[in-house]
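Participant:
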Amino acid sequence: MKKIFKYIAGIAIASTVLAGCGKGFLDINENPNRPVTATPNLILTSGLNRTSALVSTTLNEIGSVWAGYWAPATDYLWYINNKQYNVTPNFGTAVFETSFDILSDFQAVQDAAVAANMNYYQGIAGIMKAYHFQNLVDAYNNVPYTEALKNTQNIRPKYDEGQAIYDDLIKQLDAAIALIKSAPETEAKPQGEDIYFAGNMTNWIKFANTLKLRILLRQSEIPGKDATIKAEIAKIVSEGSGFSDAGVYGQPGYTSSATKMNPFWEGYYANSAGSATSNYKATRPTKYIVNNYLSNNDPRIDQMYLKVSGAFKGIELGRNTGDSEAALYKSSVTSAFLTNGGILKSATQKAVIMLPSESLFLQAEAVARGWMTGDAKALYNKAIEESFVFLGVPDAAAAAATYAGQAINKVGYDASTNKVEAIIYQKWLALNSVSGWEAWTEFRRTKFPTDNPLSLNAIKPIHPKRLVYPSSEYGRNGDEVEKQGDIDTFTSKIFWDTK
Numbered sequence: 105m106k107k108i109f110k111y112i113a114g115i116a117i118a119s120t121v122l123a124g125c126g127k128g129f130l131d132i133n134e135n136p137n138r139p140v141t142a143t144p145n146l147i148l149t150s151g152l153n154r155t156s157a158l159v160s161t162t163l164n165e166i167g168s169v170w171a172g173y174w175a176p177a178t179d180y181l182w183y184i185n186n187k188q189y190n191v192t193p194n195f196g197t198a199v200f201e202t203s204f205d206i207l208s209d210f211q212a213v214q215d216a217a218v219a220a221n222m223n224y225y226q227g228i229a230g231i232m233k234a235y236h237f238q239n240l241v242d243a244y245n246n247v248p249y250t251e252a253l254k255n256t257q258n259i260r261p262k263y264d265e266g267q268a269i270y271d272d273l274i275k276q277l278d279a280a281i282a283l284i285k286s287a288p289e290t291e292a293k294p295q296g297e298d299i300y301f302a303g304n305m306t307n308w309i310k311f312a313n314t315l316k317l318r319i320l321l322r323q324s325e326i327p328g329k330d331a332t333i334k335a336e337i338a339k340i341v342s343e344g345s346g347f348s349d350a351g352v353y354g355q356p357g358y359t360s361s362a363t364k365m366n367p368f369w370e371g372y373y374a375n376s377a378g379s380a381t382s383n384y385k386a387t388r389p390t391k392y393i394v395n396n397y398l399s400n401n402d403p404r405i406d407q408m409y410l411k412v413s414g415a416f417k418g419i420e421l422g423r424n425t426g427d428s429e430a431a432l433y434k435s436s437v438t439s440a441f442l443t444n445g446g447i448l449k450s451a452t453q454k455a456v457i458m459l460p461s462e463s464l465f466l467q468a469e470a471v472a473r474g475w476m477t478g479d480a481k482a483l484y485n486k487a488i489e490e491s492f493v494f495l496g497v498p499d500a501a502a503a504a505a506t507y508a509g510q511a512i513n514k515v516g517y518d519a520s521t522n523k524v525e526a527i528i529y530q531k532w533l534a535l536n537s538v539s540g541w542e543a544w545t546e547f548r549r550t551k552f553p554t555d556n557p558l559s560l561n562a563i564k565p566i567h568p569k570r571l572v573y574p575s576s577e578y579g580r581n582g583d584e585v586e587k588q589g590d591i592d593t594f595t596s597k598i599f600w601d602t603k
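Numbering (our numbering), first residue to last: 105 to 603.
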């Protein structure tokens with residue numbers, strides 16, 4: 105599929121993403137040689153839907169391998185570059201290319217909405233642009249920003265520093281919130297085209313506030329940043345709308361038809377005929393994640409995986425087909441994802457953008473660090489409960505209370521020696537296989553869990569720190585890319601990665 109990159113001069117590029125991320129369900133850009141000219145409501149739906157697909161598939165897959173969740177069965181040559189940490193300009197290119205393509209959709213929404221004085225659409229577009237630009241900074245550090253998304257006005261946009269982009273994203277989110285709150289009562293709100301909140305603008309403001317909190321906490325390990333972070337969090341609190349409490353999900357009207365199913369279900373479980381995909385057959389939990397559930401008496405494991413011969417069995421990341429013990433880690437003798445429950449509920453399930461538990465863990469961390477008032481333990485326990493609810497643990501509230509009441513370090517809040525570590529660890533468990541990108545990013549920031557094992561097949565004995573710019577960008581904007589210097593996935597860090 106060829107899609108236009110609208111921050112350059114209409115140069116068509118070959119997309120390498122999964123079908124759910126590319127042209128297909130609700131993609132309204134039919135002509136690869138012209139920018140989108142549809143009305144803001146149609147472009148909005150497309151941008152939101154393609155965001156859901158990108159987050160559920162490409163981003164989730166990369167993060168789930170590197171955060172310690174997934175490993176391929178030894179009878180499948182799967183996730184080869186991922187498990188080797190072989191990050192080249194041809195690895196994960198959709199993170200850059202598809203993100204900018206989706207950003208151009210939201211820029212088109214914003215431009216059209218400005219011309220038509222449609223404040224709500226402007227606000228939503230601004231929030232979603234901030235969402236994608238944060239992911240891009242978290243992947244590449246410096247990226248085109250101030251000169252990006254300009255169509256033919258600037259075909260070779262300069263790269264802005266990651267820190268500068270982060271600082272401006274706070275301002276852009278504030279501006280988006282102000283637009284939404286100042287919209288005239290008579291102005292029509294988005295309705296069905298808003299596949300995240302169905303026009304509930306309070307929920308959009310809460311999402312913006314939660315993104316701001318995520319952006320601020322991502323900088324927690326930067327020396328001398330505490331006062332600034334605390335002051336900015338105080339502004340979020342004083343705004344008064346609060347944080348996301350019901351989660352952020354995409355539901356464009358998924359059906360059981362091909363290309364119209366939930367992208368995670370279709371990519372990692374079954375096609376429209378009900379046949380299991382190769383991804384489902386190949387993807388298995390790591391021995392590491394299984395052992396963490398078991399050692400904590402965590403009932404969520406029953407909602408995540410199927411038992412094999414009466415037990416849960418994972419794989420060490422990096423096991424290969426030719427290993428002497430390869431037969432012990434084939435797909436037939438290791439645990440697959442549980443279906444019709446947990447993270448694979450149905451072909452029409454909502455796509456996860458942000459779980460309620462993530463929002464609560466962010467708040468718990470801010471309180472635990474002394475940057476926000478509140479009850480960190482209560483937020484922590486509620487976050488765990490929300491994770492149990494999402495996965496469908498029977499009698500979720502009571503089961504979560506029993507689990508969190510254990511006197512186990514990083515499980516029971518009172519029993520935990522390092523409260524922030526406990527919060528990040530439990531967030532890591534809650535994000536398993538759903539928000540893998542965020543889990544990997546939080547691991548890079550905090551280095552929790554501290555014992556996340558290296559792949560047995562790693563080309564270097566160190567976890568990846570970042571992605572490298574795609575080869576297509578060297579062809580389009582080579583001079584600007586070269587200015588970024590020599591980029592190495594193992595040594596070139598994102599600006600907030602200081603530990």
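We treat Cβ as the ideally placed atom computed from N, Cα and C, and that holds for glycine.
Predicted model only: the values in this text are computed from it and were never measured.
(1) What did DSSP end up calling R388 once you bin it into helix, strand or coil?
(2) Exposed or buried, S379, counting other C-beta atoms within 10 Å across all chains shown (16 or more means buried)?
(3) Please classify G414 as buried or exposed, where buried requires at least 16 neighbouring CB atoms within 10 angstroms.
(4) Specify, as a first and last residue, the run of the alpha helix (DSSP H) that I269 falls within.
(5) With DSSP as the reference, label L448 as helix, strand or coil.
(6) Indicate the three-state DSSP secondary structure (helix, strand or coil) for P136 in the structure shown.
(7) Ordered along the chain, which non-local residues of its own chain (more than five positions away) have a Cβ less than 7 Å from that of L432?
(8) Thinking just about the alpha-carbon of each residue, which of F204, G227, A562 and S286 is nearest to the one in E251?
(9) On the CB-based measure, 16 or more other CB atoms within 10 Å of its CB, does A377 come out buried or exposed?
(10) Determine, using beta carbons only, whether F492 and A480 come nearer to each other than 8 Å.
(11) Within 10 Å of its beta-carbon, does D601 have 16 or more other beta-carbons around it, so buried, or fewer, so exposed?
(12) To which residues does DSSP link V352 through a beta bridge?
(13) Would you kindly check if the distance between the Cβ of W182 and the Cβ of W544 is under 8 Å?
(14) Compute the beta-carbon to beta-carbon distance between L571 and Y235, rounded to the nearest angstrom, for a pair I have assumed lies under 8 Å.
(15) Mind checking which residues open and close the alpha helix (DSSP H) that includes P144?
(16) Secondary structure at I419, three-state DSSP: helix, strand or coil?
(17) So within the region 532 to 562, which uninterrupted alpha helix (DSSP H) runs reach at least 4 residues, ignoring any that extend past its ends?
(18) Where does F441 sit, in a helix, a strand or coil, going by DSSP?
(19) Determine the closest residue to G496 out of I405, K551, F347 and A455, with distance taken between C-alpha atoms.
(20) Beta-carbon separation of T197 and S439 under 8 Å?
(21) In the structure shown, what three-state DSSP assignment does V191 receive?
Facilitator: Walking through what the data contain:
(1) strand
(2) exposed
(3) exposed
(4) That run of the alpha helix (DSSP H) goes G266 to S286.
(5) strand
(6) The predicted model places P136 with a pLDDT of 38, which falls under 50 and marks its position as unreliable; any figure quoted below should be read in that light. It is coil, neither helix nor strand.
(7) none
(8) F204
(9) exposed
(10) no
(11) buried
(12) M458
(13) no
(14) That belief does not hold up - the Cβ atoms of L571 and Y235 are roughly 18 Å apart, past 8 Å.
(15) P144 to L158
(16) In this structure, I419 counts as strand in the three-state DSSP scheme.
(17) Within the region 532 to 562, the complete alpha helix (DSSP H) runs of at least 4 residues are 540 to 550.
(18) strand
(19) Comparing Cα positions, the closest option is I405.
(20) no
(21) coil
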